[in-house]
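When we follow this note's numbering, the leftmost residue of the sequence shown carries the number 291, and every step to the right adds one.
First up is the structure itself, then whatever we jot down about it.
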Amino acid sequence: LGEASLISPLTRPTDGEEFRVKFRHDWTIADDIAFAHYAQFRSYASDYVRTTGAFNYVYWNRSGSINAVPRAPLVIDGVLHPYALRRTEYRKLDFAEDSVQYFAEAKQRFEIAKTRHELLATAYVEWRDYETKGWSLYDADDTRSAAKPVPYILDMRNPNWPTGRFEDYAFVPTSDYTKNVTAFGAGLQDVITLPHDVTARLAIGWNRIEQDYDNNFYSTGADPIPVSSRDEGLLYNAGVSWRIRPDTALFVAAAQGRTALSVTGSVVLNNQPPDSESENYEVGVKQEFLGGKLALSAAYFETGRTNLRYANPAYDTNPSSPTYNISVDPYRYDGNEQTKGGEFDLNLNLAQRWLVNLNATYQDAHTQQNPGQGVVTGLKKGVPRVFASAWVQHTLEPKVFGGRLTLGGGVRHTGRRTVNATSFGIAQAYVPRYTTIDAVVRYDSASFWSVQVNANNLADERYYELAQFLGGRPGEPLNATATFTARF
């Protein structure tokens, strides 16, 4: 916040350990037939301690009350602390995952009736086991840590952070569950080269995801029985490209995919929500100049997701409320996201010495909940309307000490992104736009080694690279990375 940090020393960054082993086998059966498959085992574990705040300095009329406890200004011994942070929570999470994957694909090329076909058949199966445990620690606004809470932050401009470790305070368990996920599917794709410079791509697939969830944490009553869910369905991918002139092509594409809701999260008893579907449509043109040295493409696209979960407005857990109703599902699953936009991309390659890339995208993303009644207008959280980049790279001639020296640089621009949070009374707020400057120097020796230095954010711009719940994740300041590569 300004020059002050709001990262508590009581937190701990993510500490992860991973073991992975993978086997792959490629088999060329004939000149036009090939088969490949691989198997992988992966074991991963991580833990961290993070903090959240109630942002109680945002006061607004909520349910007919303004500045209600515990979101009211903090008063201790008659002294008002207007910049205090209340309802601070620290969360500790231990996560472990084991997975086994198998993937196979077969390719075949053939010709039928003056059409060339490239056929691809795929199949996969995957098993994942998750184990998750969580604990929370609170300040005095939450009685669960009453034995030894963390202190209030009296002034967020100069925080009085707690000392020691998370385990030194009165933390309580908040989650403990295991989950098994089994997924498998198959697909078939054919890329067809037709007369009159027409190429078509047709693909269809099917997948299924089964989830078994066992909640080992409960505060009242008996341990709930394990629950499960299953998502399955078809998906497709189709497109046509037509080269209307030797240097001009038109293309159109459509695709639909699907994914299960909450692969790593909980599964609700007696609740089988529909899996979320993605829909993508695109139409555009590709143009070449200078014998293919200059290539540009422009496209209009529409993307969307369906069956998104959101809170059911008819669900009310307050017994004193006139609309009290716990007989309905807490969530609905008919929300959707829609994005429309356009993209432009230009690439220039002159004698392998000059490389230029220009890219720009405009998009308008909206989220709709409770269709027909409630619409969240404006930008979808965290999605910019505009982002663009430019990059120029030049390889010097003649050679330097017998090798090749390459210099490059460019800019990246990202427009402002919304961080609206209606539950905190913030109807409209944005993470500001930013532009960064990057550079690269690379030297390829005449023998077997090369070295490259990438310098990022040369102007040391202060920016937020990711819009999050009520703010953003700070981007990296000026930094450089050096890479040395040897081939033998």
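Where is the CB? At the ideal position from N, CA and C, for every residue including glycine.
Put simply, the stretch 392-410 does not touch the stretch 435-446. Fewer than three CB pairs are less than 8 angstroms apart. The three-state reading of DSSP puts L444 in coil, since its state is none of H, G, I, E or B.
Look at E457 here: in three-state DSSP terms it is helix. Counting every other CB atom within 10 Å of its CB across the protein chains shown gives D316 a total below 16, marking it as exposed.
Shortest Cα-Cα distance from R723 to any of F738, R706, S737 involves R706. Per DSSP, the continuous beta strand (DSSP E) segment holding Y503 begins and ends at 488-505. Secondary structure note for K583: it is in no beta strand (DSSP E), with a DSSP letter that is neither H nor E.
E687 counts as exposed, since fewer than 16 other C-beta atoms from the protein chains shown sit within 10 angstroms of its C-beta. The stretch 622-707 contains, as complete beta strand (DSSP E) runs of 3+ residues, the segments 644-659, 664-666, 676-685, 694-704 (chain order). Taking the Cβ atoms as the reference, Y623 lies roughly 5 angstroms from P563, within the contact range of under 8 angstroms. Sorting V701, D734, F778 by C-alpha distance to the C-alpha of L748 places V701 at the top.
If you ignore the 5 residues before and after T773, its C-beta comes within less than 6 angstroms of the C-beta of Q742, all in its own chain and listed in chain order. A residue is called buried when at least 16 other Cβ atoms come within 10 angstroms of its Cβ; T341 meets this threshold and is buried. In this structure, the CA atom of D728 is about 8 angstroms from the CA atom of N744. When only Cα atoms are considered, V365 and V730 end up about 54 angstroms apart.
At least 8 angstroms separates the beta-carbon of S737 from that of T775. Of the residues assessed, G574 falls on the buried side of the cut-off, its CB having 16 or more other CB atoms within 10 angstroms.
Boundaries cannot be given for Y614, as no beta strand (DSSP E) includes it and DSSP labels it neither H nor E.
The continuous beta strand (DSSP E) containing L370 extends over residues 369-371.
Contact between Y414 and Y380 does not hold, since their C-beta atoms are separated by about 39 angstroms, which reaches or exceeds 8 angstroms. For L586, the closest alpha carbon among the candidates T538, N570, K469, T593 is that of T538. Burial is judged here by how many other beta carbons sit within 10 angstroms of a residue's own beta carbon; P764 has fewer than 16 and is exposed.
The beta carbon of R434 sits closer than 7 angstroms to the beta carbons of Y428, V462 from its chain, once the five residues preceding and following it are set aside; these are given in chain order.
With respect to H327, A394 sits close: the two C-beta atoms are nearer than 8 angstroms.
In the structure shown, R752 adopts coil according to DSSP, grouped into three states.
The three-state secondary structure of T433, taken from DSSP, is helix. Using a Cβ distance threshold of 8 angstroms, Y420 and K469 count as a contacting pair. By the criterion of a C-beta distance shorter than 6 angstroms, S568 is surrounded in its chain by G547, R595, once the five residues flanking it on both sides are discounted. In the structure shown, the three-state DSSP call for W532 is strand.
Take the alpha-carbon of H486 and the one of W532: they are about 8 angstroms apart. In the three-state DSSP reduction, V709 falls in the coil class, being neither helix nor strand.
Taking all protein chains shown into account, P674 has 16 or more neighbouring C-beta atoms within 10 Å of its C-beta and is therefore buried. Using a Cβ distance threshold of 8 angstroms, A528 and A476 do not count as a contacting pair.
Distance from L598 to G625 at the Cβ level is roughly 4 angstroms; contact confirmed, criterion being Cβ atoms closer than 8 angstroms. Judged by DSSP in its simplified three-state form, D537 adopts coil rather than helix or strand. Within the same chain, and ignoring the five residues on either side of A324 in sequence, the residues whose Cβ sits closer than 6 angstroms to its Cβ are T318, K397.
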